[in-house]
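Going down the list, the sequences are from chains A and B. Residue numbering for the first sequence follows this note's numbering, starting at 953 and increasing by one per position. Residue numbering for the second sequence follows this note's numbering, starting at 26 and increasing by one per position. Glycine included, C-beta positions come from ideal geometry on N, C-alpha and C. Since this is a predicted model, take the numbers as computed values, not measurements. Single-structure report; data block below.
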Amino acid sequence: MSTEERAAWASAVATLVVPAFYFTRVLGDARNYPVAEIDYQGLLIWNVGITIGATIALTILLTIAHAIGIHVSAEVAAAKAGRPADPDEVEREMKSLDRTDARDKAISRRGEVVSGIVLGIGAVLPLVLAMTEREQFWIAQSLYAAFILAALTGAIAKIVVYRTGLSS
Amino acid sequence: MTRECTESVSRDEAYNWVFVLTSLISTLVYLGILIPGMIGTPISDVSYVAPFLWVLGSALVVGFGAVVVIRAAWPKESRFRDERDKEIDLIGQYVGSSMVTIGGMAALTLSIVDADRFWVSNSLIVGFLFAAVFSSFSRAAAYRGEYPEL
């Protein structure tokens, strides 16, 4: 599993979980208060930052877990065969841990195209809201939701391509 | 595939030329109406919704009309999309995505700071228009020359 693939998993989890807190809180407030009085701005900016931070942190954690996994499975395989673990084999596996090849790049771009299409469709709602002079609150929420949906589908598209293979 | 066929214009490339022209003309017409309208008028009074919808509607009608004509006029052999058509299409989508992203980020920022909705709408609109122009131009360039592998 390459760094890009781990990053795709990390991004899928982070964009699914972190923005959920934001939307629960802000949409909850919208039920009880006039939307013009809701201070969502700081929360939104923090949420963007935490989503990015969580993606990076999860990618690092997955990398560490993967590295431990390589060592453990080498030891287990060696113990089963009744011989000491082959350090060269382990080293080779460890080197492949952070390779990024042409396939990773192709998959990454494919994911970005999917996410761009979703963003393009998702941005239509905020555009309509802005053109019809609706509250700024709803324009901002629908735009942020469009970005999150785009990031999520982009990450899922990458994972799917990693699992099923590239076909043009 | 024969040499003659690869040197001629494929159906996808012909469609893309329609996209080049309609997106470029739409952008110029929209900005040509919008920018003079902004001079000497308070921003919140500038009308942009009707011009945008007219431009979008006309572009769609002209574009679909041209596609129908091309579909009927192009030789049968060029109707199948080959690998090259697909790769070039992906390049265009990739370029377009980045324009939509930039426009969306600008709009979200403007919305958060409570800028006039005119600016929010128009960053999205210009993002979409630029996405159309840049994606179709990059496809046209890719068809006529070397292109990076995506």
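Between the segment 1062–1073 of chain A and the segment 107–126 of chain B there are three or more inter-stretch CB-CB distances shorter than 8 Å, so the stretches are counted as touching. Taking a C-beta distance under 8 Å as the contact criterion, L154 (chain B) and S83 (chain B) do not qualify as a contact pair.
For P1036 (chain A), the secondary structure class from DSSP, reduced to helix, strand or coil, is coil.
By the Cβ-count criterion, R1044 (chain A) is exposed, with fewer than 16 other Cβ atoms from all chains shown falling within 10 Å of its own Cβ.
Interface criterion met: the Cβ of S1067 (chain A) is under 8 Å from a Cβ in chain B.
With contacts defined as CB atoms closer than 8 Å, L149 (chain B) and G117 (chain B) fail to qualify as a contacting pair. About 4 Å separates the beta carbon of I58 (chain B) from that of P76 (chain B), a gap short enough to meet the 8 Å contact definition.
Between the C-alpha atoms of P971 (chain A) and A1097 (chain A) there is a straight-line separation of about 9 Å.
A165 (chain B) is a Cβ neighbour of N41 (chain B), given a cutoff of 8 Å. Using a Cβ-Cβ cut-off of 8 Å, L149 (chain B) counts as an interface residue toward chain A, since at least one Cβ of chain A sits closer than that to its own.
The Cβ-Cβ distance between S954 (chain A) and T1052 (chain A) falls below 8 Å. At a cut-off of 8 Å between beta-carbon atoms, I137 (chain B) makes contact with chain A. A direct Cα-Cα distance of roughly 9 Å separates W1090 (chain A) from A1082 (chain A). Using a Cβ-Cβ cut-off of 7 Å, E1085 (chain A) is close to R142 of chain B, given in chain order. Taking all protein chains shown into account, T1084 (chain A) has fewer than 16 neighbouring C-beta atoms within 10 Å of its C-beta and is therefore exposed. Assigned with DSSP and collapsed to three states, L1118 (chain A) falls in coil, not helix or strand.
Chain-ordered, the chain A residues with CB closer than 9 Å to the CB of L115 (chain B) read R1061, R1062, V1065 and S1120. With its beta carbon at least 8 Å from every one in chain A, L85 (chain B) lies outside the interface.
I990 (chain A) sits in coil when the DSSP states are folded into three classes, being neither helix nor strand. A direct Cα-Cα distance of roughly 15 Å separates I1008 (chain A) from W998 (chain A).
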